[in-house]
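Numbering-wise, the working numbering puts 482 at position 482 of the sequence shown, and it's gapless, one number per residue. Positions of the beta carbon are idealized from the N, C-alpha and C atoms, including for glycine. Single-structure report; data block below.
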Amino acid sequence: MCGIIGAVAQRNIVNILLEGLRLLEYRGYDSAGLAVINHNNNLQYLRKVGKVNTLVEAVKQYSLSGETGIAHTRWATHGNPTESNAHPHISNNIIIVHNGIIENYQLLRDILRQRGYSFLSETDTEVIAHLIHWEQCQKNNLLTQVIQRVIPQLHGTYSIVIMDNLNPSRLVAARSGSPLIIGRGEEANFFASDQRALLPVTRRFIFLEEGDIAEITNKTICIWNNIGKIVERAEIVYQIKTDMKDIDKSPYCHYMQKEIYEQPLAIKNTIEKHLCSGLITMAELGPDIDILLRQVQHVQIIACGTSYHSAMVSRYWLEALAKLPCDIEIASEFRYRKSIVRSGSLLITLSQSGETADTLAALRLTKNMGYLGSLTICNVACSTLVRESDFVLITNAGTEISVASTKSFTTQLTLLLMFVIYIARIRGINKLSEKQIVHALQKLPSCIEQILLLDQAIKHLAEVFINKEHALFLGRGTLYPIAMEGALKLKEISYIHAEAYAAGELKHGPLALINPGMPVIVIVSNNELLDKLKSNIEEVRTRGGQLYIFAEKNITFTKSKEMKVIFLPNIEPLLAPIYYAVPMQMLAYHIALIKGTDVDQPRNLAKSVTV
Ligand code: F6R
């Protein structure tokens, strides 16, 4: 989603802003812009539709330079992706960039029109720029005080950074519902929506809290909280392994491909971090966690998208292994529903980014509802979800840049399984042999390496999809969510319409879709549902559907010309959902390559869904 970077220095900051925008590209965007002011109070700005590179070329052409500046990648919400809708937006001396959505912008627009302002864009952001200008004209005190008067008039979520051409040696920012950080540099300070944008210039970060307003100059940083009191916020010196090497995708062609291939190592890291003397440890959750886990009688999991598919799988595990009833829900539904908390319920949020607006809103909503506590399983240690949850488990996937989640999904599943086994032990459920499962988990990275060796076979299979417009994915049990994940991966990066069904549902409707030529991808594992799934395969075959089956090599099928089977090495059934996610990712990746789509930044999508 939208990305922000701002800088105040004694040197020209144009390249810092452009490099920052490049590092934010992974979030997904459709236009980009930048504004800078130099020592002579000369404001220059440029906005371009499309990639940051187009903006970079334009900046070169017009030789922009300045010591104070703001820049933005925009993911359209209000108004099409056009140059006039791209940020920064300007109202006289006020120049702003904004992430988030102002819900009452229409009303504010009408009021501002009556005050004589005219609008050059369709955005909600331009409203903020005019509002700041209007308030400044009413009482020309410090910009931070002007912003304090503007904030109560804005309904919605936002992070904004403001530059004032009348006072160009400072930037002011405000945060509510959308992440914003300060980076402390040498004779320079910065704002950004994501610390990654600032990695080339600093590792010292201050995370703004809800309702904070901050002002930076090249030497000073000052923060006011939501009641206007000056506050100190902790400075974190970033030790993360996230480095420029994470951003380098060579020798791979795409980040998605790199991240698919990083899965064996990422899963290994996740497993090792949670093992102690051959048993699972959840030391990360603190010394009193066992007391809490013994009280848990129910688990409520909330997530979106791919993370929701992890939730679906973990419900099977929690109920079967830990004997805990579990409900799962998409965050955007949960947050608008009058839900009832079961007694002894633990809330779990799942998120790769830790910034997903709906998941975050759901967490905040549950704060006083009576849950035993909130646990988040997340891949970004400094994210808002992590900061606002009672308990945190970090997946060790490393930075994931491709919009389509791959390694963050499989590490999320791995950690969830380990958590379920741990909770089963705490609850005294001895039916499963933890050591055996740990042993199988330790072999999982090498099993996934075996799948990666099937790249050519999957690539070959992908060729069939060149002219396909639809695809159906089938699975049963824990592999039904993986069928859903396969369908989601395919639609998001290849734009082929894909649906997933629990195979037992075929005859209740989707069988009508089957005709000769309809591709049906089936995930088959050697579990208690195998015979039932084979019957479903027959239902498709007799209607002429083109079957593409992913199955373990010890499973036999009646051969036929409508059926192509990709055989995989055998896997422990408990781990099958983690394992089968990988060929689904590879299939989607190869189909997208053939289709020539933008694999890492698929159209209309964003990595971090902050609105
Ligand atoms: C799909 C994908 C999305 C995210 C969803 C939630 O590949 O990545 O469906 O899973 O937007 O994001 P997180 O996990 O960051 O909360």
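Taking C-beta atoms as the reference points, N93 and T123 fail to come closer than 7 angstroms. Under the three-state reduction of DSSP output, E434 falls in the helix class. Restricting attention to Y45, V8 and I451, the CA atom closest to the CA of I571 is found in I451.
Taking C-beta separations shorter than 6 angstroms and ignoring five residues to either side along the sequence, the partners of Q300 in its chain run D327, S345 and L347, following chain order. Taking a cut-off of 5 angstroms from the heavy atoms of the ligand F6R, the residues with a C-beta inside it are C304, G305, T306, S307, S351, Q352, S353, T356, A404, S405 and V609. In the three-state scheme derived from DSSP, where H, G and I count as helix and E and B as strand, V127 is classed as helix.
Going by C-alpha positions, L385 is about 49 angstroms away from T542. Between the alpha carbons of N527 and P481 lies a gap of roughly 15 angstroms. Beta-bridge partners of I221 (DSSP): I216. In this chain, R294 is not harboured by any beta strand (DSSP E); it is covered by the alpha helix (DSSP H) spanning I289 to Q295.
For R204, the enclosing beta strand (DSSP E) stretches over residues R204 to F207.
Going by DSSP, G486 is part of no beta strand (DSSP E) but of the alpha helix (DSSP H) stretching over L479 to S494. Look at the beta carbons and you see the stretch 63-70 touching the stretch 32-45: at least three pairs across the two are nearer than 8 angstroms.
Here DSSP, grouped into helix, strand and coil, assigns A58 to helix. For E329, the enclosing beta strand (DSSP E) stretches over residues C326 to I330.
The Cβ-Cβ distance between A606 and M1 falls below 7 angstroms. Residue pairing by DSSP places M418 in no beta bridge whatsoever. Ranking A331, N368, I514 and G370 by CA distance to the CA of G354 puts A331 first. Between E83 and V49, the CB-CB gap stays under 7 angstroms. By the CB criterion at 7 angstroms, S31 and N99 fall outside the cutoff.
If you check the CB distance, I521 and P602 do not come in under 7 angstroms. Annotation: the stretch 75-142 contains the following complete segments of the alpha helix (DSSP H) (minimum length 4 residues), in chain order: 105-114 and 125-138. Between L461 and F473, the alpha-carbon positions lie close to 15 angstroms from each other. In the displayed model, V237 falls within a strand according to three-state DSSP. When Cβ pairs closer than 8 angstroms are counted between the two stretches, the stretch 207-223 is seen to touch the stretch 138-147, the count reaching three or more.
Non-local C-beta neighbours of H133 in its own chain, meaning closer than 6 angstroms and more than five positions away in sequence, comprise S91, N92 and I94, ordered along the chain. For Y45, the number of other beta carbons within 10 angstroms of its own is at least 16, and it is reported as buried. Here S525 is buried, its C-beta having at least 16 other C-beta atoms within 10 Å. In the structure shown, the three-state DSSP call for L363 is helix.
The C-alpha of G177 lies about 17 angstroms from the C-alpha of C304.
With 16 or more neighbouring CB atoms inside 10 Å of its own CB, S310 falls in the buried class. Distances from the alpha-carbon of L17 to those of L199, P445, K561 and F567 put L199 closest. Partner residues in the beta bridge of H497, as assigned by DSSP, are H470. By the beta-carbon neighbour count (other beta carbons within 10 angstroms, threshold 16), V172 is buried. Per DSSP, I13 lies in no alpha helix (DSSP H) segment and is marked neither H nor E.
Excluding five sequence positions before and after N226, the CB atoms of its chain that fall closer than 6 angstroms to its own CB belong to G211, given in chain order.
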